[in-house]
Amino acid sequence: MPTIDALSERLTEYLDPQQIQQVRRAYFYAEQAHEGQRRKSGEAYVTHPLAAASILSTMHMDHQSLMAAMLHDVIEDTEVSYDGVCSQFGESVADIVDGVSKLTHLEFETKAEAQASNFQKMVLAMAEDIRVILVKLADRLHNMRTLGAMRPDKQRRIAKETLDIYAPIAGRLGMRDVQIELEDLAFQAHYPMRAKYIRRAVVQARGQRKDVISSIQDTINQRLRQEGLNGTVTGREKHLYSIYNKMKSQNKSFAEIMDVFAFRVVTDNVDDCYRVLGAVHNLYKPVLNRFKDYIAIPKSNGYQSLHTDLFGARDITIEVQIRTKEMDAVASQGVAEHSHYKTYGDSDSAVGSYKRARKWVQGLLEMQQRAGNSMEFIESVKEDLFPDEVYVFTPQGRILELPAGSTPVDFAYAVHTDIGNSCVSCRVDRRLAPLSQALENGQTVEIITTPSAQPNMAWLNFVMTGKARTAIRHFLKNQQRHESIDLGRRLLNQFLSKYGANVKDVDNRKLQELLDEAEFKSLDDLLEDIGMGNRQAYVVARRVRPEAEEGAEEQRESPLAIKGTEGMVLQYAKCCRPIPGDEIIGHISAGKGLVIHRTACRNIGYLRDDPDKCIYLEWYDELKDEFVADLSCEVESHRGIIAELATMATSMGADLLQIDIDDHEGKLAKVNMELQVSDRIHLARVMKKIRALKTVNRIVRK
0 MPTIDALSER LTEYLDPQQI QQVRRAYFYA EQAHEGQRRK SGEAYVTHPL AAASILSTMH
60 MDHQSLMAAM LHDVIEDTEV SYDGVCSQFG ESVADIVDGV SKLTHLEFET KAEAQASNFQ
120 KMVLAMAEDI RVILVKLADR LHNMRTLGAM RPDKQRRIAK ETLDIYAPIA GRLGMRDVQI
180 ELEDLAFQAH YPMRAKYIRR AVVQARGQRK DVISSIQDTI NQRLRQEGLN GTVTGREKHL
240 YSIYNKMKSQ NKSFAEIMDV FAFRVVTDNV DDCYRVLGAV HNLYKPVLNR FKDYIAIPKS
300 NGYQSLHTDL FGARDITIEV QIRTKEMDAV ASQGVAEHSH YKTYGDSDSA VGSYKRARKW
360 VQGLLEMQQR AGNSMEFIES VKEDLFPDEV YVFTPQGRIL ELPAGSTPVD FAYAVHTDIG
420 NSCVSCRVDR RLAPLSQALE NGQTVEIITT PSAQPNMAWL NFVMTGKART AIRHFLKNQQ
480 RHESIDLGRR LLNQFLSKYG ANVKDVDNRK LQELLDEAEF KSLDDLLEDI GMGNRQAYVV
540 ARRVRPEAEE GAEEQRESPL AIKGTEGMVL QYAKCCRPIP GDEIIGHISA GKGLVIHRTA
600 CRNIGYLRDD PDKCIYLEWY DELKDEFVAD LSCEVESHRG IIAELATMAT SMGADLLQID
660 IDDHEGKLAK VNMELQVSDR IHLARVMKKI RALKTVNRIV RK
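Heads up, the sequence shown is in numbering that gives the first Met the number 0, so the first residue is 0 and it goes up one at a time.
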């Protein structure tokens, strides 16, 4: 069991005596605050924060991080407040402790919502100080090491959260050692039987592979000595969760994965890395398309290394990673590698992985600001924690790292949110390409924009990055609100026109009473509710109308003009497919907005005679939209009839969306057609043209 004296002794390697004394003071403060508290294992509670601080000390973290680790539970679990920690240990330490603390004083409907809100709070703190997440990871790592004291159901819940969120975050920050240990501990807790069988198989395979690994290692060492190159060659062990993941995702057997032998060569400088690469390629044949240069183009978490796959003797596949000592330190500890903290707070002089980590956290902060709620935010974060990446270029030669499977829409939002919002098409390697196409390494992507463009809801089906998904949802929500407010205003004006008034003339006292009653902050909130169909415009109009003058009579309301640009809050009924030129009537449907029917539609019959529920509509004079119409044709069936009908329709400028033969009666067949036309006159011309065919006996609009 770790003790404060043992930790203090270890800290003398890199901290001043005064800083060590501050860490000791934080320990004794935490010991006093947690006095009488016990962990599930029965140990004194203070052993947990001491163990978290010990984990951070192995990464050579600064004294403030160690103090925060000692105190990370005092605000949450004791009577000590933020101000108390701040007065004793300073604002920086108090902010880290507060960032790691859970939201304990708020009530949530579900456990998942509480976890999401806690993570959201931690991201805000991370944006101010990246050390918040490092302390949290140390806290989580010790909790996972001592998870056995928990109930089995709680073990599985904590293990799943670790696999979903904390292990990927450690990977995203380049903290490979922490990520591997978190994954293996969580894997054993969440899938105990699978972990047991894989561990047993690994131990068995290790004995069989020992001679082969030693032989390859000696051969590589011998070649490096011949070439006069310095390098330490070691065999790499695959960890349990990595083996399980590869078996699952690549659909491979355990034997297939263990047949690949992995080695790492650590050299003195970058020049030697490329010389070693040449030496091993001369020794064994390289596998085509399996070489990756992460030194020239580092991963988004700052990881740098050369990766190559080789064909060895006896049909053995060999994976080799080549890197410098500094790169090896960053690969294992990432943003926690202690040299980053010598320049802490000065982002211009901070090294690569620290700057990249800051950039990633800023991206999380932007997603958090645009997300509708904490659950939506945490889903976006999960999607953003992809281990595999593609590297693509802008036309100016700038490199962007994106998750594997990303599309040009993801690329557009990675460049800038405004570019994504105004994207209409793209060129990949100078050729026009679909916006849904998955990007590949090395491609150059050019985004074509136009000021009038806006995000499409269908993009949510294929975007991969959390930033793109959050930005699209944010835009669509705002767009729907604007459209709802506009429609709500028009509907309220229509009913107020019966009293010779409009929205500007409403009685302010009555309006305020209604807003207070409905718990709305502004008139726009009320208009949005009307536009979405959650509140009837005629009821609101009666409530807020101005006082009528004596002798004044109610006027007949004027029809509402449909422009076709109302967007998501206007729907054309599929039962009757109204188009310009039809007599139309509308009704408000809760959550959908205004639904338009033809006046003769049978489905609107029960509402037609109720003037308070039906809204009289007319078409705007200048409509440039395309509208869908359904036709039914009775034809004499013969080969090529479908092609004839399609040709006739398109020759009249109508877009044919769908055509099919419904049923046969002898030589007669019924054909259904779905067309896009501009108005009733256009449809009449199309029907006249089709009716002219000799094989068409009858054509009607549905």
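In this text, a Cβ means the ideal position worked out from N, Cα and C, and glycines have one as well. A quick note: this is a predicted structure, and the numbers were derived from the prediction, not measured.
Close-in-space but distant-in-sequence residues of the same chain around residue i (CB under 6 Å, 5 per side omitted)
| i | result |
| --- | --- |
| ALA32 | VAL73, THR77, VAL79 |
| LEU184 | MET143 |
| GLN442 | VAL391, VAL427, ASP428 |
| GLU552 | Unreliable positioning characterises GLU552 in this predicted model, as indicated by a pLDDT of 46, which lies under 50. The coordinate reading is nonetheless provided below. Cβ neighbours of GLU552 beyond the five flanking positions: none. |
| HIS238 | ILE179, ASP183 |
| VAL699 | SER631 |
| ALA204 | MET257 |
| PHE494 | ALA536, TYR537, ALA540 |
| ILE660 | ALA668, VAL670 |
8 Å Cβ cutoff met for residue i and residue j
| i | j | result |
| --- | --- | --- |
| ALA52 | LEU65 | yes |
| ARG322 | SER304 | yes |
| VAL634 | ASN696 | yes |
| PHE88 | ALA158 | no |
| ASP678 | PRO579 | yes |
| GLY530 | ILE484 | yes |
| PHE253 | ALA200 | yes |
| LEU228 | VAL265 | no |
| ALA39 | MET192 | The identity of residue 39 in the sequence shown is Lys, whereas the question assumes Ala. Taking 8 Å as the Cβ cut-off, LYS39 and MET192 do not qualify as a contacting pair. |
| PRO399 | THR406 | It should be pointed out that residue 399 corresponds to Leu in this sequence rather than to Pro. No, the pair does not count as a contact, with Cβ atoms beyond the cut-off. |
| LEU486 | LEU569 | yes |
| ALA278 | GLU226 | yes |
| SER411 | GLY404 | According to the sequence displayed, residue 411 carries Ala and not Ser. Contact flag unset, no. |
| VAL84 | VAL96 | yes |
| VAL389 | LEU401 | yes |
| ASN492 | ASN501 | yes |
| LEU490 | ILE614 | yes |
| MET326 | ASP409 | no |
Beta bridge counterpart(s) of residue i as assigned by DSSP
| i | result |
| --- | --- |
| LEU660 | Here residue 660 turns out to be Ile, not Leu, going by the sequence shown. Note: ILE660 sits in a beta bridge opposite VAL670. |
| GLY234 | PHE262 |
| PHE88 | None; PHE88 has no bridge partner. |
| PRO285 | LEU309 |
| CYS768 | Not covered by the structure: residue 768. The range shown for the chain is 0 to 701. |
| LEU655 | LEU674 |
| TYR390 | GLU400 |
| GLU43 | According to the sequence as given, residue 43 is Ala; it is not Glu. Answer is ARG37. |
| CYS422 | THR448 |
| ALA432 | CYS425 |
| GLY585 | ILE595, ILE614 |
| PHE626 | VAL676 |
| ASP292 | LEU305 |
| LEU525 | Looking at the DSSP assignment, LEU525 forms no beta bridge with any residue, so it has no partner. |
| GLU318 | ALA261, ASP308 |
Classification of residue i by the beta-carbon crowding that lies within 10 angstroms, buried from 16 upward
| i | result |
| --- | --- |
| LYS687 | exposed |
| VAL670 | buried |
| PRO297 | buried |
| GLU482 | buried |
| ALA642 | exposed |
| GLN702 | Beyond the ends of the chain as shown, which are 0 and 701, falls residue 702; an answer cannot be given. |
| PRO433 | exposed |
| GLN332 | buried |
| GLY230 | buried |
| LEU287 | exposed |
| ALA683 | exposed |
Other residues of its chain near residue i: CB distance less than 7 Å, five sequence neighbours each side excluded
| i | result |
| --- | --- |
| ASP504 | PRO545 |
| GLU673 | VAL627, ASP629, LEU656, GLN657 |
| THR598 | GLU582, ILE583, ILE584 |
| MET456 | LEU475 |
| ASN220 | VAL232 |
| ASP4 | none |
| PRO450 | SER421 |
Cutoff 8 Å; reference residue i; Cβ partners in own chain excluding five residues on either side
| i | result |
| --- | --- |
| VAL22 | LEU6, SER7, LEU10, LEU14, ALA52, HIS62, LEU65, MET66, MET69 |
| GLN216 | VAL232, THR233, GLY234, PHE262 |
| HIS681 | MET651, GLY652, ALA653 |
| LYS520 | LEU514 |
Cβ distance (whole Å) where residue i is taken to contact residue j below 8 Å
| i | j | result |
| --- | --- | --- |
| ASP94 | ASP138 | Not quite, the Cβ-Cβ distance comes to about 16 Å (not below 8 Å), so this is no contact. |
| GLY465 | TYR302 | Their Cβ separation, rounded to whole angstroms, is 21 Å, which puts GLY465 and TYR302 out of contact at 8 Å. |
| VAL269 | ILE294 | 6 Å |
| TYR273 | PHE310 | TYR273 to PHE310, Cβ: 21 Å. No contact. |
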